[in-house]
Amino acid sequence: MNYKSPFLLAAVLALLSIAPAANAQQSFNTQLNLGLLSVLPQPTTTDPPGNFNNVHPGEFDPGNTQLVQSMWINGIGCPDNAFIAMPNSTFTGVQGTQPYADPACPIGDSTDQHIEGLLMAKTGPTANFAAATAELINVKSIVLTELGYDIRKSGSTLTDRGSHCGAGAPRFDIVTQDGALHFIGCNSPPPTVMSMSNDYLRLRWAPIGFNAQTGVLEQITQPVQRIVIVFDEGSDTAPDNFGAAILDNIDVNGTLVGAGASTSNSTK
């Protein structure tokens, strides 16, 4: 989806301006964001700037609570080019296979060979000063036209089925080169649902986010310094009280990343 039209951006801003802000949650997120971003090391890469190509999971846990986790895991992502096995008549072996693709993700990351998904979890209360994180690599100097991801959830972003999708988590924290911090929550501002299935929703946002300093919803026009996905809402957060989300195919300006170096077979 192309969000470059100034008329579309103006219409989206006008629509979103009437949505009530979750002030208490935003206040907590602002404090956490500032602490988190001051501690998380800046990503290092030898690639040319502006060539988004990886998402590195991590944990912000200064109290060593061991209650947050972020990890790429095989077999939980949105399959766009997979297959299923069919049993033989005695159910003692495989007779053959059939192609399988989830309609929510008609196009995915072509480098993903293991149907990877990004698990982000926070066990216990939201008030715990800790978060699961995922750093988007090589986004410096990009001017945003869209952001998005696939989330393992059924129905809509507001249901209690599947991954947690709240106003504050999972969210994009976007730092621009003028020092401003904006955030885009999973359902605030509301995303555009591009496609869906029983398993996944494909969500997209225009470059419009809440200014962490002012709370104002505004267009993000400055070049990017860094982008981090943050999950800091625990199992005390309605409507799902799940405290976890599975993401895939992280989208920056149409480039999708759906696999990473850290999987369930890795050690920490």
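Under my numbering, residues 195 to 462 are what the sequence shown spells out, in order.
The C-beta atom is built at its ideal place from N, Cα and C for all residues, glycine as well.
Predicted model only: the values in this text are computed from it and were never measured.
Minimum C-alpha distance to residue i - residue among the options
i      : options                           : result
Tyr294 : Asp274, Ser283 and Leu450         : Asp274
Gly454 : Trp399, Asp306, Ala432 and Val337 : Asp306
Ile270 : Leu411, His308 and Leu375         : His308
Glu340 : Ile368, Ser429, Gly373 and Ala276 : Ile368
Ser391 : Leu231, Pro297, Ala279 and Pro319 : Pro297
Ala438 : Pro300, Ser357, Ala321 and Ala432 : Ser357
Asp426 : Gly252, Trp399 and Thr386         : Gly252
Gly428 : Asp372, Trp399, Gly318 and Phe366 : Gly318
Gln263 : Gly373, Ala374 and Lys316         : Lys316
Ala400 : Pro237, Ala279 and Pro384         : Pro384
Ala276 : Val288, Ser283 and Pro300         : Pro300
Ala363 : Ser304, Arg420, Ile440 and Glu412 : Ile440
Gln416 : Thr386, Thr431, Thr408 and Gly373 : Gly373
Asn322 : Val387, Asp393 and Asn258         : Asn258
Rounded Cβ spacing between residue i and residue j (contact assumed at less than 8 angstroms)
i      : j      : result
Gly360 : Gly342 : Gly360 to Gly342, Cβ: 17 angstroms. No contact.
Val233 : Ala328 : About 15 angstroms separates the two Cβ atoms, so there is no contact after all.
Gln260 : Ile278 : Not confirmed; about 36 angstroms, so no contact.
Chain-order list of residues whose beta-carbon lies under 7 angstroms from that of residue i (same chain, five-residue window excluded)
i      : result
Gly349 : Arg355
Pro200 : Residue confidence is low: Pro200 scores 42 on pLDDT, short of 50, so the model does not pin down where it sits. Its coordinate-derived value is still stated next. So the list is empty, once near-sequence residues are dropped.
Ser389 : Pro297, Ala298, Pro300 and Arg396
Ile414 : Leu338, Ile368, Thr370, His376, Pro401, Ile402 and Gly403
Asn405 : Ala374, His376 and Glu412
Asp303 : Asn443, Leu450, Val451, Gly452 and Ala453
Same chain only: Cβ atoms within 6 angstroms of residue i, ignoring 5 sequence neighbours per side
i      : result
Ile444 : Val249, Tyr343 and Val451
Ala218 : Residue placement at Ala218 cannot be trusted, given a pLDDT of 41 that sits under 50; what the coordinates show is reported in the next sentence. Once the five neighbours on either side are set aside, Ala218 has no close Cβ partner at all.
Asp442 : Gly271, Cys272, Gly311, Asp344 and Gly452
Pro433 : Asp354
Asp255 : Val262 and Ala324
Pro474 : In the structure as shown, the chain starts at 195 and stops at 462, and residue 474 therefore has no counterpart that could be examined.
Thr386 : Arg398
Arg420 : Val369
Chain-order list of residues whose beta-carbon lies under 8 angstroms from that of residue i (same chain, five-residue window excluded)
i      : result
Asn381 : Thr351, Leu352, Cys359, Gly360 and Ala361
Phe246 : Leu330, Ile331, Asn332, Val333, Ile336, Val446, Asn447, Thr449 and Val451
Gly244 : Asn332, Val333, Lys334, Ser335 and Ile336
Beta-carbon spacing of residue i, residue j below 7 angstroms
i      : j      : result
Val418 : Thr370 : yes
Met314 : Ala326 : yes
Leu397 : Lys347 : no
Phe377 : Gly403 : yes
Met280 : Gly287 : no
Thr150 : Thr320 : Examination of residue 150 is not possible in this model, given that the chain is present from 195 through 462 alone.
* Asked: If you scan the stretch 326-396 from start to end, which runs of the beta strand (DSSP E) of 3 or more residues do you find wholly inside it?
  -> Listed in chain order, the complete beta strand (DSSP E) runs (minimum 3 residues) inside the stretch 326-396 are 341-345, 365-370, 375-378 and 386-390.
* Asked: Curious, which full-length beta strand (DSSP E) runs of at least 3 residues does the stretch 233-284 contain?
  -> 248-254, 262-267 and 276-281
* Asked: What beta strand (DSSP E) runs, 3 residues minimum, are completely inside the stretch 410-440?
  -> 411-413 and 418-425
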